[in-house]
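Okay, so here's the structure we're looking at.
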Amino acid sequence: MLRTWPALAIALILGSLVVGIPHASAIPIGQQIVNGEFGNNTTPSLTGWTTAGTANARPSTDALNTSTGNAGFNTFFASSFTALGDDAGAISGSPFAGTHSISQTFVLPAISGGTYNLTISFRTVFDGEGQNNQVDTFGAFLNTTQLFSQNSSTLPTCGPDASCASIQLAQNPFSQTLVGLAPGSYTLRFELVENSGNASNTAAGIDSVSVTGNSSSVPEPSSLLLLGAAFVGVGLLARRARGTSR
Ligand SMILES: [Ca+2]
Ligand SMILES: [Ca+2]
Numbered sequence: 001m002l003r004t005w006p007a008l009a010i011a012l013i014l015g016s017l018v019v020g021i022p023h024a025s026a027i028p029i030g031q032q033i034v035n036g037e038f039g040n041n042t043t044p045s046l047t048g049w050t051t052a053g054t055a056n057a058r059p060s061t062d063a064l065n066t067s068t069g070n071a072g073f074n075t076f077f078a079s080s081f082t083a084l085g086d087d088a089g090a091i092s093g094s095p096f097a098g099t100h101s102i103s104q105t106f107v108l109p110a111i112s113g114g115t116y117n118l119t120i121s122f123r124t125v126f127d128g129e130g131q132n133n134q135v136d137t138f139g140a141f142l143n144t145t146q147l148f149s150q151n152s153s154t155l156p157t158c159g160p161d162a163s164c165a166s167i168q169l170a171q172n173p174f175s176q177t178l179v180g181l182a183p184g185s186y187t188l189r190f191e192l193v194e195n196s197g198n199a200s201n202t203a204a205g206i207d208s209v210s211v212t213g214n215s216s217s218v219p220e221p222s223s224l225l226l227l228g229a230a231f232v233g234v235g236l237l238a239r240r241a242r243g244t245s246r
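With our numbering, the residue at position 105 of the sequence shown is 105, and numbering never jumps.
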C-alpha cells in the first residue's frame, strides 16, 4: 500500500504529461495581413501586396482624397490608403478602363480536427465622376467568396462638381466573421473593374485591412486512446493497491 500510492501518483502525473488535456478551445491567431495600413503618410507603401492594373498607395492628403473639382474621396481617409483605378492623384485621372486589384495571400496552418474563424475588416470608398449610367464594379473577395459588391450604377446622379464631393459608396467600416474555415491558403483581394464601354471614370480607396480570429481544436483520436490507456493503467494500479491492502 505504501509503495503503490506513490506509483499511482507518478502514473497520473506522467499520464497527464503524455496525453495533455484534450480540449475544444478557441485559440487567438495573430494578424494575418501584412501592411494593412499601407505605410504612413510620409511613406505610403504597398509592401506585402500583389497588384494588378493601376494600384497606388497614397497619403491621406492626396488630391484624390480632397478633390474639389469632382466627387473625390473627400476626407474619408485619415491615414495613408490605396487607390485603385486612378494614377493621377485626381479621380478624373486615367485610367478609364481596366481591372485593378490588390491581393494578399496568407496560410492557416494545419490543426488536427480544427477549423478557423476569421474576422475580416477594412474601410473602402467607391466614387466616380459623371452621371449614374455607369457599370463599373468594386468588391472584395476571400478566395472565391465575395465579401461585398458595389456597382457604380447606384452612385447618386451627380456631375463632376464640388457639390458632389461628399457623394460616394462606402464600407465604413466593413467587418464580417467567417466561421469554420479549413486550414489552407487564402487570398484576400480588392478589385475594381472599370468598363471600357462607357464614358465613366471611377476609383476606389481601401484602408485599415485586418484579418484576425481564432482556431478551434478538438481532441485527436490518438490523444483519446492515450487518455483511455492512462485511465486503464490507473485502474490497474488502484486494484493492485486494494489487493495489497487486504
Ligand atoms: Ca492607412
Ligand atoms: Ca479610373
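Quick reminder that beta carbons are idealized off the backbone N, C-alpha and C, glycines included. Quantities reported herein were computed from a predicted structural model and do not represent experimental measurements.
Beta bridge pairing from DSSP links D86 with no other residue.
In the DSSP assignment, E37 falls outside any beta strand (DSSP E), carrying neither H nor E. Look at S152 here: in three-state DSSP terms it is helix. Burial of P44 is indicated by the presence of at least 16 other C-beta atoms within 10 angstroms of its C-beta. Here the alpha carbon of I120 sits roughly 11 Å from the alpha carbon of G36. Remark: the C-beta of S45 is outside contact range of ligand 1, defined as less than 7 Å to any heavy atom. G98 is not a Cβ neighbour of G48, given a cutoff of 8 Å.
Short note on D62: C-beta not closer than 7 Å to any heavy atom of ligand 1.
Here S101 is buried. Its C-beta has 16 or more other C-beta atoms within 10 Å. According to DSSP, residue pairing for G128 in a beta bridge involves T202. Membership of I27 in the beta strand (DSSP E) is indicated by the continuous run S25 to I29. Residue environment for Q146: exposed (fewer than 16 other C-beta atoms within 10 angstroms of its C-beta). Among the bridge pairs identified by DSSP, A55 is matched with L84. Residue state for A78 is assigned as coil, using DSSP reduced to three classes. Placement of the Cβ of F141 at a distance of 7 Å or more from every heavy atom of ligand 2 is found. For ligand 1, the residues with a Cβ under 7 Å from any of its heavy atoms are, in chain order, E37, F38, F77, S79, S80, F81, D207 and S208. Relative to the non-hydrogen atoms of ligand 2, the Cβ of G48 never comes closer than 7 Å to any of them. Here the distance from the Cβ of T202 to the nearest heavy atom of ligand 2 is below 7 Å.
Distance from I206 to F122 at the Cβ level is roughly 6 Å; contact confirmed, criterion being Cβ atoms closer than 8 Å. Nearest Cα to N172 within the set N117, F126, A110 and P59: F126.
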